[in-house]
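See below for the structure under consideration.
In my numbering, the protein residues as written are -4 to 150.
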C-alpha cells in the first residue's frame, strides 16, 4: 500500500508532512546516494518539492518515487533532448508529465548511473521500463497548479 500527502509550502512543508504522518520521534536522514529515509519507521518514503508544494509518498511495498512540479514548459522544452528518448521526442507527449514520470522512476529505481533518457515511458502506457528489465507502475495527477507522478515497482 502507498499513500501520497501534498502540502502547500514547498521545501519547508516536508518536515511538517513527516511529523504529521509519523510523529515527532521519527527522524529524516539521507542515505549515501542522497535518498531520504526514516529512522524509527518501517515504511519507505520519497519526497519531492516545487516552489509552492511538497509531496511525501509513503510505501509499504518497498522503494517508491514521487515527483511534483509546477508548470514550467519553457524550461523543459529547452532541455527535453537530455531527458527524453528519441521515440518520446518524436511523439506528441506532455513534457511535464514525462519529466515527473522519469523523476519518480529514477527515485523508485535507486539505480546508480540511471539517466532520465534511459527511462522508457512510452512503450507501455501506465508503466515505465528501465534497461535492467524492471517495470514501474505510474500514476499521475494533473491540476492547473502542478503535475504529480508516483512510481512503484511492478513486481
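Glycine included, each C-beta is placed from N, C-alpha and C at the ideal position.
Give me, in chain order, the residues of the same chain whose beta-carbon lies closer than 8 angstroms to that of residue i; leave out the 5 immediate sequence neighbours on both sides.
i: residue 31; result: 23, 24, 25, 40, 41, 42
i: residue 100; result: 60, 114, 116, 123, 125, 131, 133, 146
i: residue 4; result: 11, 47, 48, 49
i: residue 103; result: 41, 58, 59, 60, 131, 146, 147, 148
Using CA coordinates, which residue listed in the options is at the minimum distance from residue i?
i: residue 139; options: 105, 67, 104; result: 67
i: residue 17; options: 106, 88, 33; result: 33
i: residue 91; options: -4, 36, 141; result: 141
i: residue 107; options: 19, -1, 27, 21; result: 27
i: residue 135; options: 127, 98, 150, 104; result: 98
i: residue 127; options: 105, 143, 137, 51; result: 105
With a threshold of 16 other CB atoms inside 10 Å of the CB of residue i, please say whether the residue is buried or exposed.
i: residue 77; result: exposed
i: residue 72; result: exposed
i: residue 85; result: exposed
i: residue 53; result: buried
i: residue 79; result: buried
i: residue 55; result: exposed
i: residue 96; result: buried
i: residue -3; result: buried
i: residue 69; result: exposed
i: residue 83; result: buried
i: residue 19; result: exposed
Sorted by chain position, which residues of the same chain lie with C-beta nearer than 6 angstroms to residue i's C-beta, five sequence neighbours on each side aside?
i: residue 8; result: 2, 49
i: residue 168; result: Since the first and last residues shown for the chain are -4 and 150, residue 168 lies out of range.
i: residue 45; result: 63, 64, 65
Inset, instruction - Determine, using beta-carbon pairs with one atom in the segment 51 to 61 and one in the segment 107 to 119, whether at least three such pairs fall under 8 angstroms. - result: The segment 51 to 61 is not in contact with the segment 107 to 119.
Legend entry - Entirely enclosed alpha helix (DSSP H) segments - the segment 17 to 79, minimum 4 residues: Runs of alpha helix (DSSP H) with 4 or more residues, each lying fully within the segment 17 to 79, are found at 68 to 78, listed in chain order.
Legend entry - beta strand (DSSP E) segments (min. 3 residues) lying fully within the segment 72 to 129: Taken in chain order, the complete beta strand (DSSP E) segments of 3 residues or longer contained in the segment 72 to 129 are 122 to 124.
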